[in-house]
Amino acid sequence: MKVSEAAPLSAAQAAFDWFRIMADAAPVMIWFSGPDKQSIYFNERWLEFTGRTLDQELGDGWAEIVHPDDRERCLATYGEAFDARREFEIEARARRHDGVYRWHLNRGTPIHARDGTFVGYIGTCIDVTERRNAEQERQLQLVARLVRLREERDADERKRLLDEERRRIAGDLHERVEQALFAIGLAATAALGVAGAATGAQLPGLLDSMIDALSDVTELAATGAEQLRAAIHTLNSVEVVGRGLVGALSKQVREFRLRTGIEADIVVTGSDEPLQTDVAETLFATVREALANVERHSHAGAVMLGLHISPASVTLSIQDDGRGAAAPWGADVEDPSGLRVVATRVLGLNGTFAAGPAPDGGFLVRTQLPLGVGASR
């Protein structure tokens, strides 16, 4: 009786030993658990990876090597599949013998005896860290490509809108300013006609008519100038909004250098604080007027622009190496340079404006505008 009972046991032991030989030779990590969910075997590949003994892994000991962020999810998946007697698959991080966590794909399959009795689970673990890293890299590349495509699309859209706005402004200039100039020409012709027809007896009446005609010329000229300023202001807004202040100023400086042959450069320092649109437009207009004066009046060989942005204010300086000026510029003196317009805008934004001879020669324009709370809205 004892012999007959020992024979099946010996066969079962031999079968398990053969299973262990195959499992230890397998190129993957293999585990085995009994019907009570407790692990009863891990192959050599598993123990080599963890650097732990078989006794440490048995039961629920294996859960100690699972990453803390994955452990609860891993145990829940294992328990639910075990209770339902179904296959499961889960990816989780396991701690290697050197302390490094590696991603593993863990697959488990229920095992049944020939008579259908459930006897436990067998599972495999495959290191998928490189695969996940490659997938993540592909995803990052895809995101970067999508961002790049979106930026290109947005840039194309901005360019299209800028072109449309420029065409609209050009139409306004052609229609409104040309009409004003045509009216000025008619009024001036009428004034000249009155002056040419003047005789002694008619002189008082004709003089009144000529004064009226010249008043019309003055009024029409003022209207044309106002319309021109409005169009230029809109064009400045389009340029600044479309390119950003630094981009718009860099483009303006580059075009000035190519057009005039005068060396010109811009240095930007400080933070990347966002600027209110009215501040950016005013600075852009200041540079436009200052560069126009350098081109017309300074006889300069070079001009340097400096833009410094801080959380509290933004400072702009434009200095050339030309002949300079005899005295500082003032808003109360005759001004053929156009600086009065930008000075008025700067002061309207609670800023400061100064222009005049530079200490080391040439002419210097300096503007400072407050940002944030101190700025005029």
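At position 170 of the sequence shown the residue is numbered 208 (our numbering), and the sequence of numbers has no breaks.
Yeah, the Cβ is synthetic: ideal placement off N, Cα and C, and Gly gets one too.
Keep in mind it's a predicted model, so treat the numbers as computed, not measured.
C-beta atoms of residue i and residue j nearer than 7 Å
| i | j | result |
| --- | --- | --- |
| residue 151 | residue 142 | no |
| residue 313 | residue 343 | no |
| residue 70 | residue 59 | no |
| residue 287 | residue 325 | yes |
| residue 389 | residue 407 | yes |
| residue 354 | residue 329 | no |
| residue 300 | residue 338 | yes |
| residue 341 | residue 302 | yes |
Alpha carbon of residue i to alpha carbon of residue j, nearest angstrom
| i | j | result |
| --- | --- | --- |
| residue 61 | residue 188 | 52 Å |
| residue 76 | residue 171 | 32 Å |
| residue 331 | residue 361 | 12 Å |
| residue 156 | residue 67 | 23 Å |
| residue 101 | residue 153 | 32 Å |
| residue 308 | residue 335 | 31 Å |
| residue 72 | residue 168 | 32 Å |
| residue 191 | residue 181 | 15 Å |
| residue 166 | residue 311 | 45 Å |
| residue 105 | residue 139 | 7 Å |
| residue 317 | residue 183 | 34 Å |
| residue 387 | residue 347 | 16 Å |
| residue 56 | residue 81 | 13 Å |
| residue 144 | residue 163 | 4 Å |
| residue 119 | residue 185 | 41 Å |
| residue 149 | residue 127 | 16 Å |
| residue 400 | residue 315 | 31 Å |
| residue 74 | residue 122 | 13 Å |
| residue 356 | residue 319 | 16 Å |
| residue 108 | residue 116 | 12 Å |
| residue 293 | residue 285 | 12 Å |
| residue 280 | residue 112 | Low per-residue confidence applies at residue 280: pLDDT is 45, beneath 50, and the placement is therefore not dependable, though the value from the model is reported in the following sentence. Residue 280 and residue 112: Cα-Cα distance of roughly 52 Å. |
| residue 306 | residue 289 | 14 Å |
| residue 333 | residue 377 | 14 Å |
| residue 103 | residue 137 | 9 Å |
| residue 93 | residue 173 | 36 Å |
| residue 160 | residue 195 | 59 Å |
| residue 350 | residue 298 | 35 Å |
| residue 110 | residue 198 | 54 Å |
| residue 358 | residue 323 | 17 Å |
| residue 345 | residue 398 | 19 Å |
Supposed contact pair residue j and residue i - C-beta distance, whole angstroms, cut 8 Å
| i | j | result |
| --- | --- | --- |
| residue 158 | residue 125 | Contact flag wrong, Cβ pair sits at about 13 Å. |
| residue 409 | residue 352 | 6 Å |
| residue 31 | residue 380 | Any property of residue 31 remains undetermined from this structure, which presents the chain solely from 39 to 415. |
| residue 404 | residue 392 | 5 Å |
| residue 83 | residue 64 | 7 Å |
Any non-hydrogen atom of the ligand NAP closer than 6 Å to residue i Cβ
| i | result |
| --- | --- |
| residue 62 | Only the bare structure without any ligand can be found here, which leaves the ligand NAP out of the picture. |
For the segment 167–179 against the segment 85–98, do three or more pairs of beta-carbon atoms, one drawn from each stretch, fall closer than 8 Å, so that the two count as touching? The segment 167–179 makes no contact with the segment 85–98: fewer than 3 CB pairs, one atom from each, lie closer than 8 Å.
Does the segment 73–93 come close enough to the segment 115–135 to have 3 or more Cβ pairs within less than 8 Å? Touching, yes.
Complete runs of the alpha helix (DSSP H) confined to the segment 93–131 [at least 4 residues]: Within the segment 93–131, the complete alpha helix (DSSP H) runs of at least 4 residues are 106–122.
Where in the segment 297–339 do unbroken runs of the alpha helix (DSSP H), each at least 4 residues long, occur, reported from the N-terminal end onward? For the segment 297–339, whole alpha helix (DSSP H) runs of length 4 or above, ordered along the chain, are 315–331.
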